[in-house]
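Under UniProt numbering, the first residue of the sequence shown carries the number 1, and numbering increases by one thereafter. Positions of the beta carbon are idealized from the N, C-alpha and C atoms, including for glycine. All figures in this text were calculated on a predicted structure; none of them were measured in a lab. Everything on this sheet refers to the single structure shown next.
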Amino acid sequence: MIEVSHLNEYLSTLKEVGGLSIPSKTILLKEGNVADKLYLIRKGCMRLFFYHEGKDITFQFFFEGDFVASFDSLYKRQPSLFFLESIEPTEVFVIKRDDFYALIETVPSLKKYYEEKLIERFHVYQQLFLSRIKNTPQQRYEELLREYPNIIQRVPQHYIASYLGVTSVSLSRIRNRR
Numbered sequence: 001m002i003e004v005s006h007l008n009e010y011l012s013t014l015k016e017v018g019g020l021s022i023p024s025k026t027i028l029l030k031e032g033n034v035a036d037k038l039y040l041i042r043k044g045c046m047r048l049f050f051y052h053e054g055k056d057i058t059f060q061f062f063f064e065g066d067f068v069a070s071f072d073s074l075y076k077r078q079p080s081l082f083f084l085e086s087i088e089p090t091e092v093f094v095i096k097r098d099d100f101y102a103l104i105e106t107v108p109s110l111k112k113y114y115e116e117k118l119i120e121r122f123h124v125y126q127q128l129f130l131s132r133i134k135n136t137p138q139q140r141y142e143e144l145l146r147e148y149p150n151i152i153q154r155v156p157q158h159y160i161a162s163y164l165g166v167t168s169v170s171l172s173r174i175r176n177r178r
């Protein structure tokens, strides 16, 4: 698989790809808008989230080396179900949808990296789905600590709580039980 450092070097030479520095808490895509760009995180952290009954629900976190978009919107050219937001100051490569799909057809290593990241993302979503069905909030938190310790270190607690499907108060209780 292509290394992230090599990918960064390669992408920085392409005219189709731009670099962008994003302050924390910047919305890059709003729910209802069609995603027309794909981001590759060079440095930083982002999240996809939505609102349900007035609550902010975090769907997924993304870190260095991850491709980020509302993928359903990007692929189908339909309105996004999610907001895309930076959690901390973030540096990304930005590439327009059509340029990206043309590029991966000409650069096999980039296509392979992208496909591997999509498969990895599918696995994460599958695990999240199963965890929400069969695990208690305490078990979900323990699993998060075990599988993704970087999330605990870098992401504000209220985002973690919404990702786990609990309130911030409940997360605090869970953490105090450890």
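| query | result |
| --- | --- |
| Nearest neighbour of P156, chosen from L29, C45, I27 and I133 [CA to CA] | C45 |
| Cβ distance (whole Å) where I57 is taken to contact S168 below 8 Å | Contact flag wrong, Cβ pair sits at about 13 Å. |
| Sub-8 Å separation of I87 and V17 beta-carbons | no |
| Three-state class that DSSP yields for Y148 in the structure shown | coil |
| Boundaries of the alpha helix (DSSP H) in which V169 is found, first to last residue | S168 to R177 |
| Chain-order list of residues whose beta-carbon lies under 8 Å from that of K55 (same chain, five-residue window excluded) | S162 |
| 7 Å CB neighbourhood of M1 in its chain, flanking five on each side removed | Low confidence applies to M1: its pLDDT is 47, below 50, so where it sits in the model is not reliable enough to give any reading. |
| Minimum C-alpha distance to Y51 - residue among R175, G165 and R178 | G165 |
| Beta carbon of K25 nearer than 8 Å to that of E91 | no |
| Opposing strand residues paired with residue 239 [DSSP bridges] | Residue 239 is absent from the model: the chain starts at 1 and stops at 178. |
| In DSSP terms, what D56 is bridged to | Y51 |
| Cβ distance (whole Å) where V68 is taken to contact F62 below 8 Å | 5 Å |
| Collapsed DSSP secondary structure at M1 in the structure displayed | Caution applies to M1, whose pLDDT of 47 falls short of 50 and renders its modelled position unreliable; the value that the coordinates give is listed next. Here M1 sits in coil by DSSP. |
| Three-state secondary structure assigned by DSSP to V124 | helix |
| Where S131 falls: helix, strand or coil (DSSP) | helix |
| Best match in D72, A102 and F82 for proximity to F122 [C-alpha to C-alpha] | D72 |
| Straight-line gap, Q126 to Q138 (C-alpha atoms, nearest Å) | 19 Å |
| Cβ-based burial, K30 [other Cβ within 10 Å; buried from 16] | exposed |
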